[in-house]
């Protein structure tokens, strides 16, 4: 037994590790393509982005070793502490943070910037896993639900205040986890209805939406009166209450959109909903990125042959818009392959999560699958013009040390937990 | 277990949506695969052909080209630069630099736009060596117009940069390119311009040009612009401009046998070279905003005045054609024509015939109002209703090209006005109007408006005894023919036989002792003409003269209009005869008259009017 436990690689899931390495490698190739320019020689070159990324990748291996060295119990035991530490690092930003592009999301230490929100995801996942895996915990009860939401609420609010609402949105991923662990279905439905109402209100205007909802309400009432009179007599207060809340929600959507959102946020939605088509200024990024992807065609233009990538037509191409490089240089074949790798990667995590014997590991696994999934969905949705512009990175692909390490930590804690599944504790 | 399925299902769903979206974008949607339109890696380069030259009818070069150098900028390629040095080289201020760069950025960050236009040759020499320091800027060679002869600016017109409106209408043009916006430059834009050549150049991944795109299969060669000759006789034109100096008005001279415009003078004029070079916009604004002299208005084409007495010829010809007068029928004039019972229903006359019989000939050379008023009335009253009579008269008059667009190759023009029956039916909807309501039409006053070129054309039609060619400015186009419509004869409705007696009358205007232009008679040239004095509300009457010469086989028909020139024979008559003399003989023999015309000025009169106008405004 000793010899097995001394080997830190014992029991780890090599499929996941391989997928991880593949994603990192493909990501770096595309960062290289997006940021290479003339007169720059040498791969390990701290003045170029691909050079830096290579260093971040190199440095992620010691981090992996470090994560694997710790015993699985360490993560269960200190989950709360890690979470609190992470919250502290987020709060600290407001005192020591460095303002980059109007947001204080970064610590700057000796020329290296670190973004604590990238690590907060792992900490929150641990905290949720710890809380929900408690034997006393029952997600059917309102006060326990409240506890779970509180855990998500703190980091999300702190990140929103930076302000980095895109990264805060990632915490909505935990709805999958909580549902998996017994959160009633109507929370999910409520979320879907809220999102749908939001889009409908923006698209058709609040007056029309109110009218439509009123018509729907009358139809529902009539249905109950004619077919389920008994149920109606018991539940008409509930029905009226729900309708009232819906009305308030529709009003508040309009209010938030027109008075709380900034113009740039409104623009992003308006472009997506087809209400504005200004491709020169506000829709420029999306238009460039969609055009770039489309120009790749079926087979792509080949590595380093994408004129639009090499001509720097897409802003932020090596970070949030990295997938447009894949689209242009590797074509449909390449981008479909990347999509498939991500899908397999997420499904693999769920698969492994489901085989866990401890609730803690399973919840943690579910959390990271949801987080990867939400990043993947929002990022590629934005780059292909299906979702509004929300700047969050594509895991393992986008340029940036913090993001890479954050996702690495997220993944390898799970691999460590999984490696321990044979050792009951 | 149901609860496991949600995330599974969501992941697979999103994966499929993305695959479909990518398949649509990359495989199905062809909009992005247009090689030239959407391929930002292909740079489009234009080569501009030289614009055609413009010569006069005798081959004198009027418009040529000169080289100029524009500083172009592609904002996204601009790298931090030594602004002070750059501004020094271009002789602009830093604020100007920022303003210009922002303007270029506003237009497009990727497409080159003009940063500074028309740098002088000397500055170019310095710049050329320093340009490598300034990334994103480059020098574009361009050709500008050059006017070797300071004459006829409104005829030649000018070229200017296209604006976004023009680009919308004519997609051929791109921002910063030039287009003829007035005069011949405008009407013959397509011929003078030629066609620009296009080259598609492939850029490599570092945005460097690596050669023609697809071996140049989409490339085209520029087609050079063609030279043209215009019908202007430069010597005559310049002489006309000199004669009109310090007077406002226009001269139009036409060759009756072809319709070619020999001279088209508008005064005040300006030097065409003002429209070239860096000071261009300053100069243009100055000319454009000069609401007192209005130099950009071509008075020969655009000024509508009541024609006055020359119009009596129309009344005479219409009267002959309608059979209401003969060459011998006479009226008696006692200082005017009474057309109603009211006290002021009286048109005074200055023919001073004191009741002796006035026949057609005398009526013309002494310009008798009474005679023509009677004739006009007879024409109108010949028909059952006044409207029909009016229509018959109008038909005869408009057949001389009056009251309608001439449809020629000049970029501007005015219709003028020849009323018909309908016009007055509208004017007097509930009244049975008669000839006396508009009797002043008989003598070219009243509602009638004409432009000098219409009058000149009318004169040409009379000189031709009943037909005219559309007056035009184009004489020759290199390698092709001029439009057919300028070779087409337009017949008037007047029989040829009626012209001779009228022309005799016009001849007697000079020949008879009491002829209104007897003092302008030119020895050795048989000129036929008619003076005119057109009343107007502001200041002195306009001085008008039409003439053609020689009487037989006419070579030139001319109309002269001098604003506020008191009366016909005071300014317009001498100017017209001097022009004819100059054209037919090459020189003039009346130094005293010539000197009086050249140095004479009506500026005092114009100033007086301006002061009066200002006073009126203040009251």
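Chains as they are written, first to last, in this note's numbering: chain A, 6 to 430; chain B, 5 to 623.
Ideal placement from N, C-alpha and C gives every residue a C-beta, glycine not left out.
Residue 270 of chain B is positioned such that its CB atom lies closer than 8 Å to that of residue 158 of chain B. Here residue 347 of chain B is exposed: its Cβ has fewer than 16 other Cβ atoms, across all protein chains shown, within 10 Å.
Per DSSP, residue 76 of chain B is one residue of the beta strand (DSSP E) stretching across 65-77. Burial state of residue 276 of chain B is buried, judged by a 10 Å Cβ sphere holding 16 or more other Cβ atoms. Each residue's CA atom was taken as its position, placing residue 595 of chain B and residue 243 of chain B some 14 Å apart. Between residue 79 of chain B and residue 113 of chain B, the C-beta spacing is below 8 Å. Contact check for residue 550 of chain B and residue 314 of chain B: beta-carbon distance about 4 Å, within the 8 Å limit, so the pair qualifies. According to the DSSP assignment, residue 120 of chain B belongs to the beta strand (DSSP E) that extends over 117-123. Note: residue 257 of chain B is bridge-paired with B/267, B/562 in the DSSP secondary-structure output. In this structure the region 123-130 of chain A touches the region 410-417 of chain A; the number of beta carbon pairs closer than 8 Å is three or more.
At least one beta carbon of chain A lies nearer than 8 Å to the beta carbon of residue 22 of chain B. Neighbours of residue 181 of chain A in chain B, taken as residues whose beta carbon is under 8 Å from its own, are 10, 11, 14 in chain order. Contacts with chain A at 8 Å (Cβ-Cβ) include residue 19 of chain B. The DSSP-derived three-state label of residue 206 of chain B is strand.
Ranked by Cα distance from residue 23 of chain A, the first of A/354, A/154, A/56 is A/354. Residue nearest to residue 87 of chain A within the set A/110, A/209, A/418, A/374 is A/418 (criterion: CA-CA distance). Nearest to residue 555 of chain B by C-alpha distance, out of B/537, B/403, B/504, is B/504. Interface flag for residue 107 of chain B against chain A is unset, since no Cβ pair is found closer than 8 Å. Sixteen is the threshold: when 16 or more other Cβ atoms of the shown chains lie within 10 Å of the Cβ of residue 306 of chain A, as they do, the residue is buried. Here residue 143 of chain B carries a strand assignment [DSSP, helix/strand/coil]. Here residue 532 of chain B is buried. Its C-beta has 16 or more other C-beta atoms within 10 Å. The region 434-459 of chain B is shown to contain no whole alpha helix (DSSP H) run of 4 or more residues. Per the coordinates, the alpha-carbon of residue 192 of chain A lies some 36 Å from the alpha-carbon of residue 106 of chain A. Within the region 106-131 of chain A, no run of alpha helix (DSSP H) reaches 4 residues while sitting entirely inside it. Scanning its chain for C-beta atoms nearer than 8 Å, with the 5 sequence neighbours on each side dropped, one finds around residue 132 of chain B the residues 143, in chain order. Beta-carbon to beta-carbon, residue 258 of chain B and residue 265 of chain B are separated by about 6 Å, close enough to satisfy the 8 Å threshold. Per DSSP, reduced to three states, the secondary structure at residue 412 of chain A is helical. The DSSP-derived three-state label of residue 48 of chain B is strand. When C-beta distances to chain B are compared with 8 Å, the residues of the region 337-367 of chain A below that value are 337, 340, 341, 344, 345, 347, 348, 351, 352, 355, 359, in chain order. Annotated as distal: residue 376 of chain A and residue 397 of chain A, with beta-carbon spacing of 8 Å or more.
For residue 110 of chain B, there is no enclosing beta strand (DSSP E); the residue is found in the alpha helix (DSSP H) stretching over 98-111. Rounded to the nearest whole angstrom, the CA to CA distance from residue 457 of chain B to residue 308 of chain B is 10 Å. For residue 494 of chain B, the enclosing beta strand (DSSP E) starts and ends at 493-495. Judged by DSSP in its simplified three-state form, residue 91 of chain A adopts helix. Chain B places a beta carbon closer than 8 Å to that of residue 184 of chain A, counting this residue as a contact. The three-state reading of DSSP puts residue 532 of chain B in strand, counting E and B together.
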